[in-house]
Structure formats: structure tokens, C-alpha cells
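Participant: A single structure is presented below for examination.
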Amino acid sequence: MKRLYRSTALAAAAGLFFSASLHAQLMQYAATCNGCTASQVEALLPDCALGYQYVGDFDADRLYLGCYQVKGTQPLVKPLVKPLLGLPGERHYVWRQPGASEQNTFEAYRNVYALNGHVMAANAQVSVNADLGPALSLGDDGYMNAYDVVSATQNKDAVKNWLFTTVYTTTNTMYSPFVSPALASALVALLNDIKTGIMSFDFNINVTLVFHDGSQAAFHYDPHNLTWSYVPGSARDGHGNLIPDSYAAIGGSGGQVYDFTNPHPGYDVYNFDALLQAYGIQPTGSTTTVLECVTVGGTPSCHYVTLPD
-11 MKRLYRSTAL
-1 AAAAGLFFSA
9 SLHAQLMQYA
19 ATCNGCTASQ
29 VEALLPDCAL
39 GYQYVGDFDA
49 DRLYLGCYQV
59 KGTQPLVKPL
69 VKPLLGLPGE
79 RHYVWRQPGA
89 SEQNTFEAYR
99 NVYALNGHVM
109 AANAQVSVNA
119 DLGPALSLGD
129 DGYMNAYDVV
139 SATQNKDAVK
149 NWLFTTVYTT
159 TNTMYSPFVS
169 PALASALVAL
179 LNDIKTGIMS
189 FDFNINVTLV
199 FHDGSQAAFH
209 YDPHNLTWSY
219 VPGSARDGHG
229 NLIPDSYAAI
239 GGSGGQVYDF
249 TNPHPGYDVY
259 NFDALLQAYG
269 IQPTGSTTTV
279 LECVTVGGTP
289 SCHYVTLPD
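See below:
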């Protein structure tokens, strides 16, 4: 049986995360049963001794709240006040009206679901404020970028904190790929509800953050643990190059080319070189603006590509 009420583990060890009120908030993880019959919904309900369970049916636009009692095994719980009828051991279901806040959260999820082809998932792009600074800077322009995210856990934590505190709007948030304004607005409402809502569903939410220099990194929302986490392999610099976030990723599975021919942002090539140095890799050949990296026997190596005159 799922835990019915779980505390929001929203605070990072470094103390970066969220207000004191959110620390104490109880988050309810709701079951999902789309297009279910009454008996299928009832099968998801717990014993009333464990509490009530929310069950969402997005197809029917219905949020249930209930539990069951078994005759002869426990005291009655409100609002059921009459004696249990039937045979010993028979289940009797108790229903309550969902709270207004829970109903609002359900509708935020349901609107995205209904407008996105009845898929329990959403992918968004969010523009990050230029004034978001890294906790540990690489010494470039002082603003957060994807290299910062990959380079330090403290910077990932700063981004997670930003995801839980920023105000999402139709100006800074886009659905990926482009969709109707109605779905874009529904997605904004859902991302804002995640920050303050008191219930979550098993919904696959990924947000690609677009930083001021055009670099990108994706984060995934875990509705069970109520956390954002960096998606490995998702970081790209302002030139569109992969930013390797592990030793194995440098050469990839079939070789990887890094092209810094475009001069902007100029610090990308220096950040990439610092990343290689941190992994203990020294590129070979005469310095150019293009590098090729390969992995042989589990060991990556990089060399500068000679460019035509």
C-alpha cells in the first residue's frame, strides 16, 4: 500500500531549499486510475485505519477521496456513523468531499493532460533570469549557464531552488515543441501549482532551462519525492555542443565533435578546456576551434581538428 501522506522533503542539506512553511507542509501523493470503473477505484483505497486516499480519474475529470472499513475489525470512522451491515469481513467504503486546494491541483494536472492528447507527461522550456548567479562560478560572465550546472552540485542545487521559487508565466515558459496558447497556459498553471500545491500525481514533467547565453540543461520533476533533478546528458553550451557531465560522455559511444568556430559566447571553449582538465584529459594537436573526442577501451581522448585554410 502506498503511503497516503508524505512530508515534503524539500530542503537540501545545504539549506538552500524553500521557505519554512513548505518544510512543514504535508504533501499527498494521489493514485491515478484513468477511465476506471467504481470497483477499480475502490481497489485502490486503503483501510480507513491508515487514512483516506485520493484517486484521480483524468478521463472522467473526477477526483475521489475514500477508504474502506471491514465489519467487526475496527471502530467506525466519521462520516460513517450507522452500524456496518453485511457479513463479517465485508468491506464498506467511506467517501469524503475532496478539499478545494486538492481539487485545484487535480484540475491543474488534468488540464495539461486533456490538452496534451491524454498523455501523463509534459515537456517545457523555461527562460532563466539573467540575474541567477552560480554558487560556484567558473569565472566567465558571472551568470548561471549550463557549464555551471554540470560543474558543481551547489549550482545544480541553486537551479532546483530557482525552479521551486520562480514565477512561471507565458512569457518565460514555452511548451516544447510549440503548442496552442491554451496548453501553454495550462502548463504554466501546473508548474506554479507544483511549488505550492499539496497533492501530486504520477506525471512525467521535464523542463529544459534556457540560460542567458543560449546554453541549456534539463531537469526532471519526481512527484513521489517532490524534487527536481538534473537529467544526465541534457546539457548543451551556447554553441549547441554537448557538455559532457561524466568521464564516459566525453567521447560518447561513437565519437563526439565539439565546434567552437562561432566566437560567441567566447568563454565556452575555455570552460570546455577546464572541464577536460578536470577529467585529466589533455587534447593533442595544434589548437583550433574544433575538437574531436573518442573513447577507446573505456578511455576518452581528444585532439584538435585541422581546419581548411
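For the sequence shown, the working numbering gives the first residue as -11, with consecutive numbering after it.
Where a beta carbon is used, it is the ideal one built from N, C-alpha and C, also for glycine.
Here the structure is a predicted model, which means the values were calculated and not measured.
(1) Any idea if P86 is buried or exposed, counting beta-carbon neighbours within 10 angstroms, 16 or more meaning buried?
(2) Report yes if the CB atom of L197 is closer than 8 Å to the CB atom of V284, and no otherwise.
(3) From H252 to H208, what does the alpha carbon distance come to, in whole angstroms?
(4) Using the rule of at least 16 other Cβ atoms within 10 Å of the residue's Cβ for burial, across every protein chain shown, is R98 buried or exposed?
(5) Starting from H200, follow its DSSP beta bridges and name the residues at the other end.
(6) To the nearest angstrom, report how far apart N133 and S217 are at their CA atoms.
(7) Compare the Cα-Cα distances from S125 to each of Q265, L264, V282 and N259 and report the closest residue.
(8) Tell me the DSSP bridge mates of I193?
(9) Checking 8 Å against the spacing of the C-beta atoms, do V219 and A236 come in under that value?
(10) Is it right to say Y40 is buried, meaning 16 or more other beta carbons lie within 10 angstroms of its own, or is it exposed?
(11) Hey, C281 and I238: beta-carbon distance below 8 Å or not?
(12) Is the closest heavy atom of the ligand NAP to the C-beta of V195 under 7 Å?
(13) Determine the DSSP secondary structure at S173, reduced to helix, strand or coil.
(14) To the nearest angstrom, how far is it from the Cα of D129 to the Cα of G202?
(15) Which of helix, strand or coil does DSSP assign to R(-9)?
(16) Counting C-beta neighbours from all protein chains within 10 Å, is the total for T93 16 or more, i.e. buried, or is it exposed?
(17) What number of angstroms, rounded off, separates the C-alpha of G228 from the C-alpha of T20?
(18) Quick check: C24 and V82, are their CB atoms within less than 8 Å of each other?
(19) State yes or no: is the C-beta of D181 within less than 8 Å of the C-beta of P211?
(20) Which whole-angstrom value describes the C-beta separation of T161 and V176, a residue pair presumed to lie in contact below a C-beta threshold of 8 Å?
(21) If I follow the unbroken beta strand (DSSP E) through E280, where does it start and stop?
(22) How far does the alpha helix (DSSP H) with S27 in it extend, from its first residue to its last?
(23) In terms of DSSP beta bridges, what is L53 paired with?
(24) Roughly how many angstroms separate the alpha carbons of A18 and T215, rounded to a whole number?
(25) Assign R79 to one of three DSSP states: helix, strand, or coil.
(26) Taking DSSP's pairing of strands, which residues face C290 in a bridge?
(27) For N192, which residues of its own chain have a beta-carbon under 7 Å away from its beta-carbon, when the five flanking residues on both sides are left out?
(28) Per DSSP, which residues does V100 bridge with? Please list them.
(29) Excluding the five sequence neighbours on either side, which residues of its own chain have a C-beta within less than 6 Å of the C-beta of Y56, listed in chain order?
Facilitator: Walking through what the data contain:
(1) Numbered from its first residue, the sequence shown carries residue 86 at position 98. Burial call: buried.
(2) On the sequence shown, residue 197 is found 209 positions in, with the first residue counted as 1. On the sequence shown, residue 284 is found 296 positions in, with the first residue counted as 1. Not closer than 8 Å, so no.
(3) Residue numbering aside, residue 252 sits at position 264 when the sequence shown is read from its first letter. Residue numbering aside, residue 208 sits at position 220 when the sequence shown is read from its first letter. In a straight line, the C-alpha of H252 is about 29 Å away from that of H208.
(4) For the purposes of this step, residue 98 is taken as residue 110 along the sequence shown, with counting starting at 1. That one is buried.
(5) Taking the first residue of the sequence shown as 1, we reach residue 200 at position 212. Per DSSP, none; premise fails for H200.
(6) On the sequence shown, position 145 is the one that residue 133 refers to. On the sequence shown, position 229 is the one that residue 217 refers to. Their Cα atoms are separated by approximately 16 Å.
(7) The sequence position of residue 125 within the sequence shown is 137, counting from 1. Looking at the Cα atoms, N259 is the closest of the given residues.
(8) As a working mapping, residue 193 is identified with position 205 in the sequence shown. Beta bridge pairing from DSSP links I193 with A110 and Y209.
(9) Numbered from 1 along the sequence shown, position 231 holds the residue referred to as residue 219. Numbered from 1 along the sequence shown, position 248 holds the residue referred to as residue 236. No; because the gap between Cβ atoms is not below 8 Å, this pair is not in contact.
(10) On the sequence shown, residue 40 is found 52 positions in, with the first residue counted as 1. By the neighbour-count rule (16 or more Cβ atoms within 10 Å), Y40 is buried.
(11) On the sequence shown, residue 281 is found 293 positions in, with the first residue counted as 1. On the sequence shown, residue 238 is found 250 positions in, with the first residue counted as 1. Contact flag set, yes.
(12) Looking at this structure, you won't find the ligand NAP or any other ligand, since it has none at all.
(13) Residue numbering aside, residue 173 sits at position 185 when the sequence shown is read from its first letter. It is helical.
(14) On the sequence shown, position 141 is the one that residue 129 refers to. On the sequence shown, position 214 is the one that residue 202 refers to. About 13 Å.
(15) Start at 1 with the first residue of the sequence shown, and residue -9 comes out as number 3. A caution first: R(-9) carries a pLDDT of 32, below 50, which makes its placement in the model unreliable, though a value can still be read off. Here R(-9) sits in coil by DSSP.
(16) In the sequence shown, the residue the question calls residue 93 occupies position 105. That one is buried.
(17) Position 240 of the sequence shown, counted from the first residue, corresponds to residue 228. Position 32 of the sequence shown, counted from the first residue, corresponds to residue 20. Cα to Cα, the separation comes out at about 38 Å.
(18) Sequence index remark: in the sequence shown, residue 24 carries index 36 (1-based). Sequence index remark: in the sequence shown, residue 82 carries index 94 (1-based). No, the Cβ-Cβ distance between C24 and V82 is not below 8 Å.
(19) Counting from one through the sequence shown, the residue named residue 181 turns up at place 193. Counting from one through the sequence shown, the residue named residue 211 turns up at place 223. Cβ atoms of D181 and P211: not closer than 8 Å.
(20) Along the sequence shown, one-based indexing puts residue 161 at 173. Along the sequence shown, one-based indexing puts residue 176 at 188. Sure, about 5 Å apart at Cβ, within 8 Å.
(21) The count along the sequence shown starts at 1 and reaches residue 280 at position 292. Run containing E280: V278 to V284, per the beta strand (DSSP E) assignment.
(22) Position 39 of the sequence shown, counted from the first residue, corresponds to residue 27. Counting along the chain, the alpha helix (DSSP H) containing S27 begins and ends at A26 to E30.
(23) The residue you call residue 53 lines up with position 65 of the sequence shown. According to DSSP, which records beta bridges pairwise, L53 is partnered with Y42.
(24) Indexing the sequence shown from 1 puts residue 18 at position 30. Indexing the sequence shown from 1 puts residue 215 at position 227. Those two C-alpha atoms are separated by around 16 Å.
(25) For this step, residue 79 is matched to residue 91 along the sequence shown. In this structure, R79 counts as strand in the three-state DSSP scheme.
(26) Taking the first residue of the sequence shown as position 1, residue 290 is located at position 302. In DSSP, C290 forms a bridge with C281.
(27) The sequence position of residue 192 within the sequence shown is 204, counting from 1. Answer for N192: M108 and A109, listed in chain order.
(28) Sequence index remark: in the sequence shown, residue 100 carries index 112 (1-based). DSSP, once it has assigned bridges, lists no residue as partnering V100.
(29) Here residue 56 refers to the residue found at position 68 of the sequence shown. Cβ neighbours of Y56 beyond the five flanking positions: L33, R79 and Y81.
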